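Here the sequence shown stands for residues 260 to 519, where the numbers follow our numbering.
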Amino acid sequence: MMRPSQSGAKPFGKDSSGAFKPITVHRTFQTIIERIVDAIDAEGLVQGDRLPNEKDMAEMLQVSRPTLRQALRVLENSGVLLIRPGQAGGIFVASEMIPAEVLGQKIALEADHVAELITARRMIEPIVYHMAAENASDRELDQIADTIVLMQKHIDQPNIVLQADGMFHRRIAHATGNQVLRRTMNGIYRELNPLRGALSQTEDRAQHMIEVHTRQLQAIRQKDHCLIDRFLEETFVDLEIEFNVTFPFGVRYAPRQERG
């Protein structure tokens with residue numbers, strides 16, 4: 260049975276011996292899991308002991324909250340953590356005995372899901388961009404451009420840049436005029452959010468993102484499908500490299516042949 264932390268237990272918080280040191284590279288859910296497990300061992304935590312809340316833990320590790328939630332979900336499903344919702348809840352150690360084999364299986368399942376998600380995006384998003392180029396109204400194109408302006412305005416605020424980036428992609432999906440594609444891509448973008456948060460969030464990266472999106476939008480405005488294909492590669496490459504997902508083929512635009 261889960262016991263509450265005793266008053267005599269060593270407090271665990273922001274000043275606890277650097278157990279949650281910032282993650283400076285590869286801010287993926289796997290790295291976060293390793294850091295949390297190491298912290299449980301280093302602090303000698305036992306069943307029922309409380310960990311820092313999500314907000315504090317994300318700040319200490321210097322990772323995005325969506326990516327942290329991805330790691331916490333795997334740890335909870337593996338029986339390492341217990342997460343209680345609500346004001347009186349929190350993140351607790353479910354067992355100080357780390358089930359390495361089960362945890363490894365859950366990590367592998369999550370990694371497989373990540374690969375499938377990135378693959379699905381690679382296959383479907385080009386269709387979305389090409390359809391948007393053919394179907395978008397001037398108003399929809401201007402609304403897409405507004406998200407780039409928002410990114411530029413808040414270039415030194417990574418969270419807002421990520422939110423504006425999500426808006427950019429969702430508005431392109433909306434501009435296809437196809438509600439099935441829009442719902443499909445919105446679901447993919449929603450699940451991609453923790454993965455995008457795993458990438459380095461610097462002003463240089465934000466500026467690169469702004470430049471890439473500007474080129475992509477210009478190609479969409481011009482209905483230049485060859486350029487769209489070329490510039491889409493700049494969108495895909497970061498996540499594919501970070502999570503080591505490769506493809507033997509891709510989706511390219513080809514005009515439909517008229518039937519004779």
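Positions of the beta carbon are idealized from the N, C-alpha and C atoms, including for glycine.
Being a predicted model, the structure only gives us computed values, none of them experimental.
- If one requires a minimum length of 3 residues, no beta strand (DSSP E) run lies completely within the stretch 383 to 459.
- Contact between the stretch 447 to 454 and the stretch 347 to 358 is absent: fewer than three C-beta pairs spanning the two stretches fall below 8 Å.
- In its chain, beyond the 5 residues on either side, 400 have a beta carbon closer than 7 Å to the beta carbon of residue 480.
- For residue 341, the pairing in a beta bridge is given by DSSP as 351.
- Counting only residues of its own chain and dropping the five nearest sequence neighbours on each side, residue 314 has a CB closer than 8 Å to the CB of 324.
- When secondary structure is reduced to three states using DSSP, residue 309 falls in the strand class.
- Inter-residue distance for residue 486 and residue 322 is about 34 Å (C-alpha atoms, whole angstroms).
- Residues of the same chain with a CB within less than 8 Å of the CB of residue 388, apart from the 5 flanking positions on each side, are 431, 475, 479, 487 and 491 in chain order.
- When only Cα atoms are considered, residue 516 and residue 509 end up about 20 Å apart.
- In its chain, beyond the 5 residues on either side, 387 and 432 have a beta carbon closer than 6 Å to the beta carbon of residue 444.
- For residue 337, the closest alpha carbon among the candidates 365, 345 and 317 is that of 365.
- Scanning 391, 382 and 335 for the CA closest to the CA of residue 361 turns up 335.
- An exposed status is given to residue 368, since fewer than 16 other beta-carbon atoms sit within 10 Å of its beta-carbon.
- Between the alpha carbons of residue 414 and residue 287 lies a gap of roughly 23 Å.
- Per the Cβ contact rule, the stretch 400 to 410 is in contact with the stretch 421 to 441 (3 or more Cβ pairs under 8 Å).
- Bounds of the alpha helix (DSSP H) holding residue 465 are 462 to 481.
- Shortest Cα-Cα distance from residue 507 to any of 301, 378, 280 and 394 involves 378.
- Looking from the CA of residue 434, the closest CA among 396, 294 and 469 belongs to 396.
- Annotation: residue 438 to residue 390 spans about 12 Å, alpha carbon to alpha carbon.
- Going by DSSP, residue 336 is part of the alpha helix (DSSP H) stretching over 324 to 336.
- One Cα belongs to residue 463, the other to residue 436, and the distance between them is close to 34 Å.
- Rounded to the nearest whole angstrom, the CA to CA distance from residue 289 to residue 514 is 42 Å.
- With respect to the C-alpha of residue 316, the residue from 303, 305 and 330 having the closest C-alpha is 330.
- The beta carbons of residue 455 and residue 421 sit closer together than 8 Å.
- Around the CB of residue 453, 16 or more other CB atoms lie within 10 Å, so the residue is classed as buried.
- Approximately 6 Å separates the beta-carbon atoms of residue 291 and residue 327; this is inside 8 Å, confirming the contact.
- Shown here, residue 486 sits in a helix according to DSSP, grouped into three states.
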